[in-house]
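A.B. asks: Sharing a structure here in structure tokens format.
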Amino acid sequence: MSALFTPLTLAGTTLANRAWVSPMCMDACEDGSGEVTAWHAAHYAQFALGGAGLVLTEATAVTPEGRVTPQDAGLWSDAHVTPWRQVTDAVHACGGRIGVQLAHAGRKGGKYRGLPGDAEHGRSVPLALGGWRTLGASGEPFGRYDSPAAATDADLHAVVADFVEAAGRARRAGFDVIELHAAHGYLLHEFLSPVTNRRTDAWGGSAQGRETLLMAVVAAVREAWDGPLLVRVSAADVAPGGLGHEDTAGLALRLAARGVDLVDCSSGGLVAGAEYPE
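In my numbering, each residue carries its 1-based index in the sequence shown increased by 428.
This is how it looks when you write it as structure tokens:
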């Protein structure tokens with residue numbers, strides 16, 4: 429018998445099965461406020477009606493500058509709590525459990541969402557049209573995106589605080605699970621990889637140094653949140669000189685030792701133009 433349809437208990441929360449809905453960016457906060465709507469409540473509740481054991485939200489920004497697109501959902505403001513509560517209530521009413529994926533897009537933020545009618549695809553939205561200066565491990569851009577500002581020590585301590593504050597709002601919004609997004613070349617992943625983190629300060633310089641930002645976020649959120657805590661990783665960077673599956677296996681053990689309940693594996697996203705072997 430497959431274990432797929434058997435319950436799984438994480439940090440005291442029992443999920444009905446292991447058939448879960450992965451995070452999928454919706455780019456549907458049309459006014460740029462980061463506030464979700466009745467559309468999101470219907471969108472996520474349908475998965476609970478279908479019997480998914482856990483529904484994970486789209487990447488939800490912990491700061492306005494951490495959005496992937498101007499239409500991303502957010503939890504950087506108390507104004508986001510009530511709209512998200514309508515979503516979690518809808519999922520719970522359908523018998524499901526819901527987790528929020530907290531994210532900071534880093535140098536990959538502020539881009540056009542790529543829908544029909546967008547002026548550009550795969551490029552940054554100009555400041556005059558609602559874009560923003562992004563934050564990165566260094567000043568190197570992703571693909572054709574604008575160059576980010578190299579994060580200062582103060583910037584990174586602020587990022588940790590942003591994740592913690594968003595975790596507190598997640599509790600008030602009724603979420604059952606928190607997932608930290610450390611995959612796909614976004615800020616936490618960008619700091620993990622030797623391809624994109626060439627810093628020589630405490631936030632880089634070695635494998636342990638490159639893990640400093642992620643581990644600081646994990647420790648701070650774990651202290652503020654006693655429910656299930658997941659971390660999404662790119663199991664392989666899909667980039668020359670990048671991290672591979674063995675590296676990620678070691679990282680997973682270190683995350684577990686710091687209170688992470690489950691590692692959610694994806695792949696790639698670190699550099700533009702990567703080719704993915706089967």
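Even glycine gets a Cβ: it sits at the ideal position worked out from N, Cα and C.
1. How is the beta strand (DSSP E) around residue 580 delimited, first residue to last?
2. For residue 683, which residues of its own chain have a beta-carbon under 7 angstroms away from its beta-carbon, when the five flanking residues on both sides are left out?
3. Under 8 angstroms between the Cβ atoms of residue 463 and residue 498?
4. Return the residue from the list 640, 696, 454 that minimises the CA-CA distance to residue 679.
5. Once the 5 residues before and after residue 558 are set aside, which same chain residues still bring their CB inside 8 angstroms of it?
6. Tell me the DSSP bridge mates of residue 693?
7. Report the residue from 443, 454, 601 whose alpha carbon sits nearest the alpha carbon of residue 476.
8. For residue 636, which beta-bridge partners are listed by DSSP?
9. Where does residue 601 fall in DSSP's three states?
10. So, are the CB atoms of residue 594 and residue 698 less than 8 angstroms apart?
11. Within 10 angstroms of its Cβ, does residue 662 collect 16 or more other Cβ (buried), or is it exposed?
12. I need the straight-line Cα distance from residue 560 to residue 492, nearest angstrom please.
13. Label residue 621 either buried or exposed according to how many other C-beta atoms from any shown protein chain fall within 10 Å of its C-beta, with 16 as the threshold for buried.
14. Tell me which same chain residues have a C-beta within less than 7 angstroms of the C-beta of residue 648, skipping the five on either side of it?
15. Taking just the CA atoms, how far does residue 617 sit from residue 669?
16. Quick check on DSSP: helix, strand or coil for residue 609?
17. Output the distance between the C-alpha atoms of residue 566 and residue 573, rounded to the nearest integer angstrom.
18. Using the C-alpha atoms, what's the distance from residue 482 back to residue 433?
19. Using alpha carbons as the reference points, say which of 526, 439, 438, 506 lies closest to residue 479.
20. If you compare alpha carbons, which of 520, 458, 451, 447 is closest to residue 469?
21. Express the C-alpha separation of residue 586 and residue 637 in angstroms, rounding to a whole number.
22. Within the segment 462–545, note down every full alpha helix (DSSP H) run reaching 4 residues or more, in order along the chain.
C.D. replies: By the coordinates alone:
1. Numbered from 1 along the sequence shown, position 152 holds the residue referred to as residue 580. From DSSP, residue 580 is part of no beta strand (DSSP E); its letter is neither H nor E.
2. Position 255 of the sequence shown, counted from the first residue, corresponds to residue 683. Apart from sequence neighbours up to five positions away, the residues of its chain that approach residue 683 with a beta-carbon distance below 7 angstroms are 646, 659, 691, ordered along the chain.
3. Against the sequence shown, residue 463 aligns to sequence position 35. Against the sequence shown, residue 498 aligns to sequence position 70. The Cβ atoms of residue 463 and residue 498 do not sit closer than 8 angstroms to each other.
4. Along the sequence shown, read from residue 1 onward, the residue named residue 679 stands at position 251. Taking only the C-alpha atoms, the option nearest residue 679 is 640.
5. Working through the sequence shown from its first residue, we reach residue 558 at position 130. Contacts found: 460, 498.
6. By one-based count along the sequence shown, residue 693 stands at place 265. Looking at the DSSP assignment, residue 693 forms a beta bridge with 661.
7. What you label residue 476 is simply residue 48 of the sequence shown in a count that begins at 1. Checking every option, the nearest Cα to that of residue 476 belongs to 443.
8. For the purposes of this step, residue 636 is identified with residue 208 of the sequence shown, where counting begins at 1. In the DSSP output, where bridge partners are listed per residue, residue 636 has none listed.
9. Reading the sequence shown from its first residue, position 173 is the one you call residue 601. Residue 601: coil per DSSP, three-state reduction.
10. The residue given as residue 594 occupies position 166 in the sequence shown. The residue given as residue 698 occupies position 270 in the sequence shown. Going by C-beta atoms, residue 594 is not nearer than 8 angstroms to residue 698.
11. Locating residue 662 in the sequence shown gives position 234, where the first residue counts as 1. Label assigned to residue 662: buried.
12. What you label residue 560 is simply residue 132 of the sequence shown in a count that begins at 1. What you label residue 492 is simply residue 64 of the sequence shown in a count that begins at 1. Going by the C-alpha atoms only, they are around 9 angstroms apart.
13. Counting from one through the sequence shown, the residue named residue 621 turns up at place 193. Buried, because 16 or more other Cβ atoms sit within 10 Å of the Cβ of residue 621.
14. Taking the sequence shown and counting its residues from 1, the one referred to as residue 648 is at position 220. Contacts found: 588, 591, 592.
15. Here residue 669 corresponds to residue number 241 of the sequence shown, with the count starting at 1. Here residue 617 corresponds to residue number 189 of the sequence shown, with the count starting at 1. About 15 angstroms.
16. What you label residue 609 is simply residue 181 of the sequence shown in a count that begins at 1. Reduced to three states, the DSSP call for residue 609 is strand.
17. The residue given as residue 566 occupies position 138 in the sequence shown. The residue given as residue 573 occupies position 145 in the sequence shown. Approximately 14 angstroms, taken between the alpha carbons.
18. Counted from its first residue, the sequence shown places residue 433 at position 5. Counted from its first residue, the sequence shown places residue 482 at position 54. Roughly 12 angstroms separates the two Cα atoms.
19. Position 51 of the sequence shown, counted from the start, is the residue given in the question as residue 479. Closest option to residue 479, Cα to Cα, is 526.
20. Start at 1 with the first residue of the sequence shown, and residue 469 comes out as number 41. Nearest option by C-alpha distance: 520.
21. Walking along the sequence shown from the start, residue 637 turns up at place 209. Walking along the sequence shown from the start, residue 586 turns up at place 158. If I take the Cα positions, the gap works out to 18 angstroms.
22. Entirely contained in the segment 462–545, the alpha helix (DSSP H) runs reaching 4 residues are, in chain order, 466–477, 509–521.
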